[in-house]
Amino acid sequence: LREGKSLSESLKEAGINDPIIVSFVSSGEKGGTLVQNLEVIASILEKREEMKSILINALIYPVVLLTVAIGVVIFMMVTVIPKIVSIYTSMKLALPLSTKITLAISDGFVHYYPVILLSILLIILLFLVLESKEKKRLDKLKLQIPVFGRLILYIELQRFLETLSSLLKAGIPIVEAMTSAIYTVKNDNLRDKLFRIHEELKKGKSLVNLFSREIKELPAVVLQLIKAGEQSGNLADLLLKASNFLRTEVEVRVKNLTSLLEPATMLLVGLIVGFIVFSLLLPIVGISTIKGM
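Under the working numbering, the first residue of the sequence shown carries the number 105, and numbering increases by one thereafter.
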């Protein structure tokens with residue numbers, strides 16, 4: 105700035121390449137509305153953080169519970185079960201199938217943990233390679249996952265519509281605004297669909313018809329709001345309403361998903377620990393039954 109460069113150029117040189125920030129700052133400098141545009145940027149970033157915090161807060165409890173459960177199971181497999189194995193061996197017991205399975209898993213954890221760790225690292229590495237080289241295919245698969253796919257779609261579209269609304273309110277033409285708003289979408293498959301909509305929009309086609317053709321999973325309410333915005337000339341405000349509708353949908357779906365995940369995680373943990381305890385006690389119960397007879 106001291107050297108006479110514009111704020112948008114200075115931001116790029118500082119490494120801030122977010123297309124929304126740069127676009128808003130650039131348009132604010134050209135139109136003399138920099139103060140208002142900076143306020144809009146702050147609002148967009150604040151809403152992004154709100155959505156992120158909603159998702160993080162919803163997933164904290166199930167993730168912590170599952171992590172603790174995995175830790176408990178590994179602790180039992182590595183420290184508790186090997187001590188019990190010596191008891192079974194000294195008594196020369198005929199072990200049932202469930203006990204054999206538990207002891208085999210425990211033996212794997214104790215003697216083959218380097219192989220297990222290496223396998224986990226290879227799986228993570230393979231996923232990262234696929235994420236970089238086959239991102240479009242993976243992103244398409246993500247949108248097809250039951251329950252989670254629709255949630256991912258709504259989160260991406262909510263961010264896109266909210267940003268597009270803000271850009272339109274700042275006085276940026278819709279074709280230029282869509283170019284910037286599309287780059288807020290992280291899913292490549294959805295981004296390609298939005299680019300197709302963008303190209304057709306340049307030819308003068310209806311936005312609502314393009315959305316209904318390219319993104320068939322969009323709720324009817326969102327399509328009606330976009331249609332009403334085009335017809336009334338108040339597209340920016342109605343896009344914001346569509347964005348708020350999707351935000352509410354995301355919050356409700358996340359809340360419902362969390363309410364299902366918590367008991368499901370506890371049930372899974374209970375079944376795993378219960379199976380381990382049952383398989384360890386079964387031979388001892390068998391001895392007690394024989395002695396009682």
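Glycine included, C-beta positions come from ideal geometry on N, C-alpha and C.
As the structure is a prediction and not an experimental result, all values here were calculated from the model.
Helix, strand or coil, according to DSSP, for residue i in the structure here?
{"i": "Asn141", "result": "helix"}
{"i": "Pro250", "result": "coil"}
{"i": "Asp341", "result": "helix"}
{"i": "Pro277", "result": "coil"}
{"i": "Lys360", "result": "Residue identity differs from the one stated: residue 360 is Asn in this sequence, not Lys. Note: Asn360 maps to helix in three-state DSSP."}
{"i": "Ile388", "result": "helix"}
{"i": "Ser110", "result": "coil"}
{"i": "Ile120", "result": "coil"}
{"i": "Leu245", "result": "helix"}
{"i": "Lys74", "result": "Summary: the structure shown does not reach residue 74, with the chain confined to residues 105 through 397, and so no result is reported for it."}
{"i": "Gly136", "result": "coil"}
{"i": "Leu105", "result": "coil"}
Of the choices the options, whose alpha-carbon is the least far from that of residue i?
{"i": "Ile185", "options": "Leu242, Ala208, Ile249", "result": "Ala208"}
{"i": "Met56", "options": "Val325, Ile380, Phe315, Pro250", "result": "Outside the modelled stretch of the chain, which goes from 105 to 397, sits residue 56, for which no answer is possible."}
{"i": "Arg254", "options": "Glu355, Ile227, Leu225", "result": "Glu355"}
{"i": "Ile388", "options": "Val177, Ile178, Glu133, Pro200", "result": "Pro200"}
{"i": "Leu365", "options": "Leu343, Gly333, Ala162", "result": "Ala162"}
{"i": "Ser210", "options": "Glu260, Val326, Lys297, Val177", "result": "Val177"}
{"i": "Ile286", "options": "Val219, Glu260, Ile158", "result": "Glu260"}
{"i": "Ile152", "options": "Arg263, Leu344, Glu353", "result": "The question names Ile, yet the displayed sequence has Arg at residue 152. Among Arg263, Leu344, Glu353, the Cα nearest to that of Arg152 is on Arg263."}
{"i": "Lys331", "options": "Ala368, Asn313, Leu294", "result": "Asn313"}
{"i": "Val373", "options": "Leu105, Leu169, Ser110", "result": "Leu169"}
{"i": "Leu265", "options": "Phe213, Leu329, Arg300, Ile120", "result": "Leu329"}
Check whether the Cβ atoms of residue i and residue j sit closer than 8 Å, and answer yes or no.
{"i": "Leu271", "j": "Ser127", "result": "yes"}
{"i": "Glu318", "j": "Leu257", "result": "no"}
{"i": "Val129", "j": "Leu149", "result": "no"}
{"i": "Met195", "j": "Ile380", "result": "no"}
{"i": "Ser202", "j": "Ser347", "result": "no"}
{"i": "Ala274", "j": "Asn141", "result": "yes"}
{"i": "Glu133", "j": "Ser112", "result": "yes"}
Any alpha helix (DSSP H) of 4 or more consecutive residues that is wholly inside the region 200–243: 201–215, 217–237
4-residue-minimum alpha helix (DSSP H) runs that sit fully inside the region 277–343, ordered along the chain: 278–286, 292–306, 311–318, 324–336
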